[in-house]
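Following: one structure in structure tokens, then a few remarks.
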Amino acid sequence: MAEVAFRRVTKVFDGGVVAVDALDQTVFDGEFMVLVGPSGCGKTTALRMVAGLEKPTSGTIEVGGRVVNHLSPKERDIAMVFQNYALYPHMSVEQNIAFGLRRNGYPRREISGRVREVSEMLDLHELLRRKPAQLSGGQRQRVAMGRAIARRPKVFLLDEPLSNLDAKLRTQLRAELKQLHQRVRTTSIYVTHDQVEAMTLGERIAVLNHGRLQQIGTPRDVYARPANLFVAGFIGSPPMNLLAARHVPGASLRVGAGSPVVGLRPEALRIRRDGAASPALSCVVDVVEPLGHEAVVHGRLVDDSEAVVVARLPAADEPRPGDVLELSFAPEDVHVFDRDSGERLAVG
Amino acid sequence: MKLPSPRHLLLLPLSLVMLTPLLWMVMTSIQTPNESQQFPPVLPSGIHWQNYTNALHAVPFGRFFLNSVIVTAACVLGNLVLCSLAGYAFARFRFFGRDLTFVVILATLMVPFQVVMIPTFLIMKDLGLIDSLGALILPNLVTPFGIFLMRQFFRTLPAELEEAARIDGCSRLGTLVQIVLPLSGPALATLAVITFLYSWNDFLWPLVAIQSEHHMTLQLGLSTFQGAHATDWTLLMAGNVMAVMPMLLLFLLAQRQFVRSIAAAGVKG
Chain E
1 MAEVAFRRVT
11 KVFDGGVVAV
21 DALDQTVFDG
31 EFMVLVGPSG
41 CGKTTALRMV
51 AGLEKPTSGT
61 IEVGGRVVNH
71 LSPKERDIAM
81 VFQNYALYPH
91 MSVEQNIAFG
101 LRRNGYPRRE
111 ISGRVREVSE
121 MLDLHELLRR
131 KPAQLSGGQR
141 QRVAMGRAIA
151 RRPKVFLLDE
161 PLSNLDAKLR
171 TQLRAELKQL
181 HQRVRTTSIY
191 VTHDQVEAMT
201 LGERIAVLNH
211 GRLQQIGTPR
221 DVYARPANLF
231 VAGFIGSPPM
241 NLLAARHVPG
251 ASLRVGAGSP
261 VVGLRPEALR
271 IRRDGAASPA
281 LSCVVDVVEP
291 LGHEAVVHGR
301 LVDDSEAVVV
311 ARLPAADEPR
321 PGDVLELSFA
331 PEDVHVFDRD
341 SGERLAVG
Chain H
349 MKLPSPRHLL
359 LLPLSLVMLT
369 PLLWMVMTSI
379 QTPNESQQFP
389 PVLPSGIHWQ
399 NYTNALHAVP
409 FGRFFLNSVI
419 VTAACVLGNL
429 VLCSLAGYAF
439 ARFRFFGRDL
449 TFVVILATLM
459 VPFQVVMIPT
469 FLIMKDLGLI
479 DSLGALILPN
489 LVTPFGIFLM
499 RQFFRTLPAE
509 LEEAARIDGC
519 SRLGTLVQIV
529 LPLSGPALAT
539 LAVITFLYSW
549 NDFLWPLVAI
559 QSEHHMTLQL
569 GLSTFQGAHA
579 TDWTLLMAGN
589 VMAVMPMLLL
599 FLLAQRQFVR
609 SIAAAGVKG
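Structure below.
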């Protein structure tokens, strides 16, 4: 196992596209780190640079304290799970799992022992003789994981490994993946564009946009104290409401000069009961999405029909389109950002 | 019984037109010399198998056959190995001048053989290969078409497979041999069939490069049945039937690859 460190790593592709811009980040030994961001944010490129499939334009990458920039993929002692699994179609499941071990000259007995161990761990023993084409998506994903685990590498690299699966299977495998990491405790870097996956899997998450690291922290930190407008809008589902300060009663008083943007999470909004003194937004309900235990309500502010507000309300409070709601919030749930720089401003 | 579709009604007589030369060849090969001279052609009075034995004895047929097998096998093997290597480099490696080099190689497809025949002859002469099987093998060991075909196929394979293999500890060559080639069956079969047909049927270059009977291939050897003044058509056709047989067998076995190869060559331009 090992620590992975990016030291001011930059990758510029032919044609001048900056995929990763001065990335400075450390993934601790045994940690499950998720790189998350929209497509094209450079997260996959960052991962591929750790794997040795891309060379950094500048900066260094260290695995276990050793600079690996000039090492070939096989010398880095890493294993990677690809988005499309990249199982060798002409080999059986067993041969797929054993391939890396064979290439690295492990004795036959050791190989069969590890294949058995991995197939038990991932419930693959019934599939060992099958070819990848005869497997379902979930099974292929497990074989791809098995192939990585059998190598016992220093670092696992996972490139959107769940994105080709249907929603139900994805949820199930997400839990399995988390469990697996808790058992093997191998340093893992997981790339996804899905913020739910990032929040649920990551011990820490790193949010990237346009090749730049926006914020790094535990899922709770990133959710509770987004560092800037991008993170605020990206993490959380539905995303945070971002409103001009003048629309939010009480907020403008506390942020002083400048032109701040106020953020309120949909789950921070509650219907104000008569007599409550907390500040509130008045809005007209456009669309209601009932989810059973709660309802996602889309509305517009009464005094500015351009300003859209989304709230997650308990099922008991489910309004109807056209209703006018008074949505209150606690002062500690208010996030304030500078409109120009996008940076988070201290409240108070 | 299923009725033939209108398309088949048109194709049936057309296929008969295509088959006529083949049928005529087989028919002549079992006729007497006298019958073979008749026009319009007449059906053979009996089956004269002795045309075949005569053809086998009139010339060193076995030698010709062996030479053709050696040359064709070497060319097929050479193309499979060398075109795969070159095609893989063009498909996956990034190096200076790659695309330009590839275009230049493709452009040589447009140069007719007659143009390069004399330079090739001179090179073979300098190498001391004229009138040897080496002269037939060496210039055809790798072909631009083969490089093109393999490159196009390799580009259709997912790059992640090769990346996974590299992470699993394969060198670039190891990746080609262990991962890419086992998945390239259709392209390799296509290349093998095309090279086989070309090499087996080649007449012009052996005619130029080979003088002694000992080194003649089948196609060249058969031409010795044609004299300046008279030709024994029955022996020539008996020899031809025997020469065509391996090709027909190959076609029957690899028909699907063959048709696909023509489709691939036509589409992926």
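So the sequence lines, in the order shown, correspond to chains E and H. In terms of the working numbering, the first sequence is residues 1 to 348. In terms of the working numbering, the second sequence is residues 349 to 617. Even glycine gets a Cβ: it sits at the ideal position worked out from N, Cα and C.
For residue i and residue j, what's the separation of their Cα atoms in angstroms?
{"i": "threonine 90 (chain E)", "j": "alanine 434 (chain H)", "result": "The question names threonine, but residue 90 (chain E) in the sequence shown is histidine. Going by the C-alpha atoms only, they are around 23 Å apart."}
{"i": "glycine 236 (chain E)", "j": "threonine 449 (chain H)", "result": "51 Å"}
{"i": "arginine 116 (chain E)", "j": "histidine 125 (chain E)", "result": "7 Å"}
{"i": "alanine 602 (chain H)", "j": "valine 541 (chain H)", "result": "8 Å"}
{"i": "arginine 114 (chain E)", "j": "alanine 150 (chain E)", "result": "6 Å"}
{"i": "valine 302 (chain E)", "j": "glutamate 267 (chain E)", "result": "20 Å"}
{"i": "phenylalanine 501 (chain H)", "j": "proline 534 (chain H)", "result": "9 Å"}
{"i": "glycine 37 (chain E)", "j": "leucine 486 (chain H)", "result": "55 Å"}
{"i": "proline 369 (chain H)", "j": "asparagine 588 (chain H)", "result": "12 Å"}
{"i": "arginine 170 (chain E)", "j": "glutamine 83 (chain E)", "result": "13 Å"}
{"i": "valine 490 (chain H)", "j": "alanine 437 (chain H)", "result": "14 Å"}
{"i": "leucine 598 (chain H)", "j": "leucine 509 (chain H)", "result": "32 Å"}
{"i": "valine 255 (chain E)", "j": "glutamine 215 (chain E)", "result": "Any reading at valine 255 (chain E) needs caution, since the residue's pLDDT is 48, under 50, leaving its predicted position unreliable; the model's value is listed next. Using only the alpha carbons, I get a separation of about 22 Å."}
{"i": "tyrosine 106 (chain E)", "j": "valine 419 (chain H)", "result": "42 Å"}
{"i": "glutamine 25 (chain E)", "j": "alanine 5 (chain E)", "result": "6 Å"}
{"i": "leucine 481 (chain H)", "j": "serine 163 (chain E)", "result": "57 Å"}
{"i": "leucine 362 (chain H)", "j": "isoleucine 395 (chain H)", "result": "28 Å"}
Taking 8 Å as the CB-CB limit, is residue i close to chain E?
{"i": "proline 534 (chain H)", "result": "no"}
{"i": "aspartate 516 (chain H)", "result": "yes"}
{"i": "leucine 521 (chain H)", "result": "no"}
{"i": "proline 506 (chain H)", "result": "yes"}
{"i": "glutamate 511 (chain H)", "result": "yes"}
{"i": "leucine 623 (chain H)", "result": "Past the boundaries of the shown model lies residue 623 (chain H); chain H is included only from 349 to 617, so the question cannot be answered."}
{"i": "isoleucine 527 (chain H)", "result": "yes"}
Less than 8 Å between CB atoms is the rule here; does residue i satisfy it with respect to chain H?
{"i": "glycine 138 (chain E)", "result": "no"}
{"i": "glycine 348 (chain E)", "result": "Residue placement at glycine 348 (chain E) is poorly supported in this model, since its pLDDT is 47, which falls under 50; the coordinates are not used for a value here."}
{"i": "tyrosine 88 (chain E)", "result": "yes"}
{"i": "asparagine 164 (chain E)", "result": "no"}
{"i": "glycine 15 (chain E)", "result": "no"}
{"i": "arginine 66 (chain E)", "result": "no"}
{"i": "lysine 43 (chain E)", "result": "no"}
{"i": "leucine 128 (chain E)", "result": "no"}
{"i": "lysine 55 (chain E)", "result": "no"}
{"i": "methionine 49 (chain E)", "result": "no"}
{"i": "valine 334 (chain E)", "result": "no"}
{"i": "isoleucine 189 (chain E)", "result": "no"}
{"i": "arginine 379 (chain E)", "result": "Coverage of chain E is limited to positions 1 through 348, which leaves residue 379 (chain E) absent and any answer about it impossible."}
{"i": "phenylalanine 82 (chain E)", "result": "yes"}
{"i": "valine 12 (chain E)", "result": "no"}
{"i": "valine 99 (chain E)", "result": "Inspection of the sequence shows that residue 99 (chain E) is occupied by phenylalanine rather than by valine. Yes, its Cβ sits closer than 8 Å to a Cβ of chain H."}
{"i": "isoleucine 78 (chain E)", "result": "yes"}
{"i": "lysine 74 (chain E)", "result": "yes"}
Per DSSP, which residues does residue i bridge with? Please list them.
{"i": "glutamine 215 (chain E)", "result": "E:Val207"}
{"i": "glycine 138 (chain E)", "result": "Per DSSP, none; premise fails for glycine 138 (chain E)."}
{"i": "threonine 10 (chain E)", "result": "E:Ser58"}
{"i": "glycine 263 (chain E)", "result": "E:Leu242, E:His335"}
{"i": "aspartate 159 (chain E)", "result": "E:Val191"}
{"i": "isoleucine 271 (chain E)", "result": "E:Leu327"}
{"i": "phenylalanine 32 (chain E)", "result": "E:Ser188"}
{"i": "aspartate 304 (chain E)", "result": "E:Leu301"}
{"i": "arginine 66 (chain E)", "result": "E:Val63"}
{"i": "arginine 312 (chain E)", "result": "E:Val296"}
{"i": "methionine 80 (chain E)", "result": "E:Leu157"}
Below 7 Å, is the gap between the Cβ of residue i and the nearest heavy atom of the ligand FMN?
{"i": "histidine 293 (chain E)", "result": "You won't find the ligand FMN in this model; it holds no ligand whatsoever."}
At least 3 beta-carbon pairs within less than 8 Å: the region 97-114 of chain E vs the region 174-191 of chain E | no
Decide if the region 287-300 of chain E is in contact with the region 311-328 of chain E; the criterion is three or more beta carbon pairs, one per stretch, under 8 Å apart.
-> yes
Whole alpha helix (DSSP H) elements within the region 508-536 of chain H, 4-residue minimum | 520-523
Would you be able to state if there are at least three C-beta pairs under 8 Å between the region 49-59 of chain E and the region 2-22 of chain E?
-> yes
Could you say if the region 72-81 of chain E and the region 241-250 of chain E meet the contact criterion of at least three C-beta pairs nearer than 8 Å?
-> no
Could you tell me whether the region 512-522 of chain H touches the region 443-463 of chain H, using the rule of 3 or more Cβ pairs below 8 Å?
-> no
Can you find at least 3 beta carbon pairs, one from the region 417-426 of chain H and one from the region 390-402 of chain H, that sit closer than 8 Å?
-> no
Please list the segments of the alpha helix (DSSP H) lying wholly inside the region 548-584 of chain H, counting only runs of 4 or more residues, in order along the chain.
-> 552-557, 566-571
Is there contact here, the region 35-53 of chain E with the region 119-138 of chain E, by at least three beta-carbon pairs under 8 Å?
-> no
At least 3 beta-carbon pairs within less than 8 Å: the region 374-383 of chain H vs the region 554-573 of chain H = no
Is the region 322-342 of chain E touching the region 278-290 of chain E, taking contact as three or more C-beta pairs under 8 Å?
-> yes
Could you say if the region 183-190 of chain E and the region 17-31 of chain E meet the contact criterion of at least three C-beta pairs nearer than 8 Å?
-> yes
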